[in-house]
Amino acid sequence: KAGVTQTPRYLIKTRGQQVTLSCSPISGHRSVSWYQQTPGQGLQFLFEYFSETQRNKGNFPGRFSGRQFSNSRSEMNVSTLELGDSALYLCASSPDRGGYTFGSGTRLTVV
Amino acid sequence: KQEVTQIPAALSVPEGENLVLNCSFTDSAIYNLQWFRQDPGKGLTSLLLIQSSQREQTSGRLNASLDKSSGRSTLYIAASQPGDSATYLCALPRGRDDKIIFGKGTRLHILP
């Protein structure tokens, strides 16, 4: 059974640009959640989508947004990139109220 | 507000030793608890998922226990190997406010 797929694996962007990251969950999983991981802050929850609706949101500015499609695939968008947005972005899928399966992440570098 | 604490933050032990990693949480109203490992620069790999009705789960050399009443979970690693070197994270997938909460992890180094 295929795992959680995140694309792209690596990205380099310049300040002010925007970026879109993609996550394909495990088949049958309707919940997709996103996390930012940095050495200083650790793992921080961004938001969760369930059946195309945002169910939960972390404490990030409005520049961070996401959406989920009818096939449960999810995208995360960051606009007006800042140097501090450089991080490993992780996506996880889960059946409702079940455990989480993570993707390999997208490493974003903002220069 | 749920808080998850992992002790110790870092641990180095010789190969072959048995070891215990600790995770404590403040709110016992949990659905389940999940242990992950993370290798540098990589995603998280799920190790064990314990439902709130269970006391422990085992997978190979790993055993995780859960004591909701005391707000504690332990991850026991038997006969440690250099390949076990990684950061181990404890997570509460569904807290009272339905958000996943991670501990800051224990960085484990197994000395050959």
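Protein sequence lines, in the order shown, are assigned to chains V and X.
Going by the working numbering, the residue at position 82 of the first sequence is 82; the numbering climbs one at a time, nothing skipped.
Each position in the second sequence, counted from 1, maps to that position plus 1000 in the working numbering.
Where is the CB? At the ideal position from N, CA and C, for every residue including glycine.
Cβ-based neighbour list, residue i, same chain, cut-off 8 angstroms, excluding 5 preceding and 5 following
| i | result |
| --- | --- |
| G66/V | W34, L46, F47, Y49, Q54, S74, E75, M76 and N77 |
| G28/V | P95 |
| K1068/X | S1028, I1030 and S1052 |
| Q1054/X | L1066 |
| E1056/X | I1050, N1063, A1064, S1065 and L1066 |
| I1100/X | A1091, L1092, P1093 and R1094 |
CB of residue i within 8 angstroms of CB of residue j, strictly
| i | j | result |
| --- | --- | --- |
| A1079/X | Q1034/X | no |
| L21/V | Q41/V | no |
| L43/V | F1102/X | yes |
| S70/V | R30/V | no |
| L1111/X | P1014/X | yes |
| L1021/X | L1066/X | no |
| S1073/X | A1064/X | yes |
| R1037/X | L1047/X | yes |
| G99/V | C23/V | no |
| L1019/X | I1077/X | yes |
Per-residue burial, residue i [other beta carbons within 10 Å of its own, 16 or more giving buried]
| i | result |
| --- | --- |
| L83/V | exposed |
| F1025/X | buried |
| D85/V | buried |
| Y10/V | exposed |
| G1041/X | exposed |
| L105/V | According to the sequence provided, residue 105/V is Gly. The question's Leu does not apply to it. Buried. |
| G1060/X | exposed |
| P61/V | exposed |
| A87/V | buried |
| G1043/X | buried |
| P1008/X | exposed |
| P8/V | exposed |
| P1093/X | buried |
Beta bridge counterpart(s) of residue i as assigned by DSSP
| i | result |
| --- | --- |
| Y100/V | Answer by DSSP bridge pairing: none, since Y100/V is not bridged. |
| S93/V | V32/V and T101/V |
| A1029/X | BP columns for A1029/X are empty, so no partner. |
| E47/V | Glu is not the amino acid found at residue 47/V; the sequence shown has Phe there. Paired residues: W34/V and K57/V. |
| Q1002/X | Bridge partners of Q1002/X: none, in fact. |
| P1014/X | L1111/X |
Chain-order list of residues whose beta-carbon lies under 7 angstroms from that of residue i (same chain, five-residue window excluded)
| i | result |
| --- | --- |
| E1017/X | S1080 |
| L81/V | K13, R15, G16, Q17, Q18, V19 and V110 |
| S79/V | Q18 and R63 |
| T1005/X | S1024 and G1103 |
| Q1051/X | N1032 |
| S116/V | No answer is possible for residue 116/V: the residues shown for chain V start at 1 and end at 111. |
| G960/X | There is simply no residue 960/X to check, as chain X begins at 1001 and stops at 1112 in what is shown. |
| Q68/V | V32, Y49, E52 and S74 |
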